[in-house]
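Position in the sequence shown (from 1) plus 2 gives the number in our numbering. First the structure, in the form of structure tokens, and then the observations on it.
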Amino acid sequence: MMTMKSRAVLAAVLLTLASVARADAVSALRDFAREVKSASAQFKQTVNSPDGKRSKSSQGSFEFQRPNQFRFAYSKPFEQLIVGDGQKVWIFDPDLNQASSRRMNQALGATPAALLAGGNLERDFTLKALPSEGGLDWVQALPRQADGGFQSLKIGFKGRDLAALEIVDGFGQRSRLDFSSLAVNASLPADRFRFVLPAGADLVEQ
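Following this line, the structure appears as structure tokens:
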């Protein structure tokens with residue numbers, strides 16, 4: 003049987019290991035921001051209502067290239083394309099045949115896209131290690147300026163690999179993206195981050 007002293011020592015060791023794991027999650031995010039210049043992945047997104055009673059799922063692909071170029075292509079259940087070309091962010095809805103655009107500095111701010119594809123992680127966010135959960139090590143990223151339109155943002159790593167992103171928006175709606183087939187520092191064609199307005203589509207500029 004373990005003595006009280008042995009239990010205290012074991013507890014201290016476990017706390018130390020937990021703090022190291024959490025610190026490593028912050029390091030993983032910093033390494034990701036510093037070393038990964040481009041990436042592509044598949045994602046599944048689950049959005050839950052503030053009361054947790056309603057949810058909806060979607061999936062698609064995600065690509066980015068620093069600085070400030072990214073592409074979210076939703077494929078199910080409805081198609082939607084979001085492209086950041088370094089100057090503007092474009093959103094295209096094929097069903098409505100309508101596109102909208104905003105200047106990059108107005109659209110990004112301290113948003114999840116800015117965190118993954120932006121140019122300066124430490125300038126835009128304060129990082130805080132969180133307890134491991136669901137087999138992932140989590141980091142909370144708090145925007146230094148409250149202009150991102152969300153309440154909280156968490157990034158999950160499995161080892162050194164980006165695995166998940168969880169966002170609570172300004173209305174309390176929770177959205178989680180789980181990434182798979184991640185390829186880092188991939189060679190991505192430049193036209194992946196260019197948006198060409200389809201013929202006959204309406205454009206709303208903001």
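Where a beta carbon is used, it is the ideal one built from N, C-alpha and C, also for glycine. Source: prediction; values computed, not measured.
Within its own chain, the residues whose Cβ lies closer than 6 Å to the Cβ of valine 49, once the five positions on either side in sequence are excluded, are Lys58 and Ser177, listed in chain order.
Phenylalanine 152 and asparagine 107 have their alpha carbons spaced roughly 17 Å apart.
For the pair serine 40 and alanine 188, the CB atoms are nearer than the 8 Å cut-off. For the pair leucine 123 and leucine 129, the Cα-to-Cα distance works out to about 9 Å. Excluding its 5 nearest sequence neighbours in each direction, glutamate 135 has no C-beta neighbour in its own chain below 6 Å.
Secondary structure of aspartate 204 (DSSP, three-state): strand.
One alpha carbon belongs to glutamine 61, the other to arginine 125, and they sit about 31 Å apart.
Taking the Cα of asparagine 70 as reference, the smallest distance to any Cα among Gln100, Arg196, Asp139 and Gln82 is reached at Arg196.
By the Cβ-count criterion, glutamate 37 is exposed, with fewer than 16 other Cβ atoms from all chains shown falling within 10 Å of its own Cβ. With fewer than 16 other Cβ atoms from the protein chains shown falling within 10 Å of its own Cβ, glycine 172 counts as exposed. A check of alpha carbon separations from tryptophan 92 across Phe74, Phe80 and Ser183 identifies Phe74 as the nearest. Bounds of the alpha helix (DSSP H) holding serine 29 are 6 to 37. In this structure, the beta-carbon distance from phenylalanine 64 to leucine 164 does not fall below 8 Å.
Annotation for proline 96: Glu81 place their beta carbon closer than 7 Å to its own, counting only its chain and skipping 5 residues before and after. Look at alanine 192 here: in three-state DSSP terms it is helix. Beta bridge pairing from DSSP links glutamate 168 with Lys156 and Arg178. Leucine 179 and isoleucine 84 have their C-alpha atoms spaced approximately 15 Å apart. In this chain, the alpha helix (DSSP H) harbouring glutamate 124 covers 123 to 126.
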